[in-house]
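So the structure is just underneath, and the comments pick up after that.
Here's what the structure looks like:
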């Protein structure tokens with residue numbers, strides 16, 4: 026486990042981690058100093074005059090600083106208060122430093138996982154549930170940093186304190202040290218050996234159930250209309266209740282295991298005190314009052330330390346599954362981030378598809394496209410047709426550079442489209458799908474594809490809105506183009522979403538526009554309006570190249586020509 030942790034934590038954070046370990050050591054020393062400061066108070070409680078018989082306190086009193094024993098006792102009490110005040114202030118500052126380190130580490134892992142998953146590409150994202158990926162970027166990273174790495178840090182801190190305390194007690198009174206070993210070591214060993222495997226299983230299973238719950242809630246709220254119409258909510262609620270019961274069961278098991286350390290530690294302290302009483306009956310020449318006091322003070326500080334170590338160890342075991350998820354996300358990824366280019370891969374002549382074949386990684390036996398060849402000239406409006414499942418959308422994803430062909434090539438002019446120049450190609454194309462991606466942001470930010478912290482070019486947007494005859498509609502909104510569209514664009518009609526997609530393509534100044542079933546979900550009247558807008562753009566700017574997928578012949582009626590990919594593939598056989 027230690028080797029995996031070192032592999033996962035980057036070198037820059039490992040250096041900071043050493044400082045965190047030093048901070049943990051300093052905190053342990055401060056806690057020890059605080060504990061040691063309790064000894065004079067303990068002596069005063071047992072016997073007010075005992076403070077003068079102690080060699081150290083007697084030497085300080087002998088310096089003549091204090092006029093009387095009374096003032097000396099007051100001075101000792103004030104000193105103890107000051108020691109605790111300074112100790113706690115330093116402890117808070119060091120704890121703040123440690124917490125800031127772990128928050129920065131969480132930021133690093135969460136961002137890295139997000140970027141890594143994103144750059145694995147469209148194939149990876151389509152093969153994995155989006156809720157699961159979201160869960161892993163947020164909850165798994167949080168559990169790994171705060172419940173695993175944070176627990177390791179806490180165990181180191183408390184372990185150092187216990188070691189210092191034990192060595193000091195061994196020097197001061199070996200009998201008390203022996204009693205503490207007799208009390209705490211068996212407790213820790215019994216607990217660890219009895220629950221270590223259970224915690225790991227419970228943690229992994231609870232995480233899986235929570236992931237299922239998140240997915241179920243996401244699907245329920247997204248599909249409210251269909252669920253309500255088909256009276257499916259009761260069925261979903263039964264699944265929800267079943268998962269809640271399982272979560273309760275694992276939580277109860279975890280709580281039962283969590284309660285065991287306190288009971289064991291209390292029993293250990295009672296046994297230790299009974300052993301001291303028995304020793305008092307058999308040994309002579311020992312101040313049992315002082316021995317009881319030292320044992321009580323030591324046990325009082327070691328009790329939360331042992332409880333902390335056992336509790337944190339529980340958290341590590343319970344969240345150990347997160348190591349596998351983080352390791353898979355960061356260490357086993359072969360995909361590299363594509364360099365974002367500002368330059369464009371310009372289209373001056375044609376897009377050529379030469380003997381193209383493709384099958385998905387998880388089903389190589391099923392060929393989606395086979396030996397496909399055709400050419401699209403610049404300025405053309407070309408329709409792509411074929412039966413459902415014929416590979417039209419897959420072809421678009423290949424032409425846009427999201428998939429790599431198994432064989433054959435795609436050329437932009439005479440330049441082959443490769444992963445190295447895909448980013449340049451993306452700067453010159455736009456994509457409008459059946460379900461246009463819309464952010465919960467303003468119309469302006471949706472058209473410019475920027476979030477609220479980036480200001481779009483409003484003059485350019487106004488020109489586009491006028492061209493698409495959308496300006497009167499947008500101007501009638503409460504805040505104009507700054508009106509928010511709502512989550513999943515729930516305030517927009519289907520036609521308005523498609524217009525945002527077209528406006529986005531024009532804002533980008535793309536030369537090549539891909540329309541993937543962009544009007545198939547619209548009513549006939551709205552479809553005709555969108556088709557007229559596309560036709561108008563095609564006639565208005567002959568520099569633009571249009572590729573349009575559609576089932577309806579009417580949608581493709583204004584295209585310069587139509588490519589049937591099934592016919593082309595049959596001809597190549």
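Residue numbers (this note's numbering): 26 to 598.
Quick reminder that beta carbons are idealized off the backbone N, C-alpha and C, glycines included.
{"Query": "Cβ shell of residue 178 (< 7 Å), same chain only, five flanking positions each side left out", "Result": "45, 49 and 123"}
{"Query": "Three-way DSSP call (helix, strand, coil) for residue 580 in this model", "Result": "helix"}
{"Query": "The alpha helix (DSSP H) enclosing residue 602, as first and last residue numbers", "Result": "The question about residue 602 has no answer, for the chain in this structure spans 26 to 598."}
{"Query": "Assigned secondary structure, residue 571 (DSSP; H/G/I helix, E/B strand, else coil)", "Result": "strand"}
{"Query": "Segment limits, beta strand (DSSP E) that includes residue 455", "Result": "454-458"}
{"Query": "7 Å CB neighbourhood of residue 259 in its chain, flanking five on each side removed", "Result": "none"}
{"Query": "Rounded separation between residue 296 and residue 289 - CA only", "Result": "10 Å"}
{"Query": "Three-state secondary structure assigned by DSSP to residue 397", "Result": "strand"}
{"Query": "Touching by the beta-carbon criterion (3+ pairs, under 8 Å), the segment 129-147 and the segment 89-108", "Result": "no"}
{"Query": "Limits of the alpha helix (DSSP H) - the one that residue 495 falls within", "Result": "Per DSSP, residue 495 belongs to no alpha helix (DSSP H) and is neither H nor E."}
{"Query": "Ranges of the alpha helix (DSSP H) found wholly within the segment 120-183, counting only runs of at least 4", "Result": "146-152 and 155-160"}
{"Query": "Unbroken alpha helix (DSSP H) run spanning residue 56, endpoints", "Result": "36-61"}
{"Query": "Distance, residue 592 Cα to residue 396 Cα", "Result": "12 Å"}
{"Query": "Cβ shell of residue 416 (< 6 Å), same chain only, five flanking positions each side left out", "Result": "393 and 394"}
{"Query": "Whole-angstrom C-beta distance between residue 189 and residue 623, which should lie under 8 Å", "Result": "Since the first residue of the chain shown is 26 and the last is 598, residue 623 is not available in this structure."}
{"Query": "Residue environment, residue 65, which counts as buried when at least 16 other CB atoms sit within 10 Å", "Result": "buried"}
{"Query": "The segment 406-420 touching the segment 479-499, judged by at least three CB pairs closer than 8 Å", "Result": "no"}
{"Query": "Identified DSSP bridge partners for residue 436", "Result": "377 and 441"}
{"Query": "Cutoff 8 Å; reference residue 405; Cβ partners in own chain excluding five residues on either side", "Result": "570, 571, 585 and 586"}
{"Query": "Entirely enclosed beta strand (DSSP E) segments - the segment 216-272, minimum 3 residues", "Result": "none"}
{"Query": "Burial state of residue 543 (16 or more Cβ within 10 Å)", "Result": "buried"}
{"Query": "For residue 162 and residue 449, the rounded distance between their alpha carbons", "Result": "28 Å"}
{"Query": "Cβ neighbours of residue 172 in the same chain (closer than 8 Å, five flanking residues each side left out)", "Result": "340, 341, 343, 344 and 347"}
{"Query": "Inter-residue spacing [alpha-carbon to alpha-carbon] between residue 338 and residue 223", "Result": "13 Å"}
{"Query": "Proximity below 9 Å, CB of residue 457 to CB of residue 527", "Result": "yes"}
{"Query": "Within 9 Å, strictly: CB atoms of residue 164 and residue 38", "Result": "no"}
{"Query": "Contact check, residue 330 vs residue 186, beta carbons under 9 Å", "Result": "yes"}
{"Query": "Buried/exposed call for residue 256, threshold 16 Cβ in 10 Å", "Result": "exposed"}
{"Query": "Best match in 121, 240, 248 and 117 for proximity to residue 265 [C-alpha to C-alpha]", "Result": "240"}
{"Query": "Coil, strand or helix - residue 276 by DSSP", "Result": "helix"}
{"Query": "Where residue 380 falls, given that 16 or more other Cβ within 10 Å makes a residue buried", "Result": "exposed"}
{"Query": "Residue environment, residue 216, which counts as buried when at least 16 other CB atoms sit within 10 Å", "Result": "buried"}
{"Query": "Residue 91 versus residue 97 - alpha carbon distance", "Result": "6 Å"}
{"Query": "Sufficient close CB pairs (3 or more, under 8 Å) joining the segment 503-512 to the segment 420-439", "Result": "no"}
{"Query": "Top-ranked residue by Cα proximity to residue 131, from 60, 147, 34 and 87", "Result": "34"}
{"Query": "Residue 589: first and last residue of the uninterrupted beta strand (DSSP E) it sits in", "Result": "586-589"}
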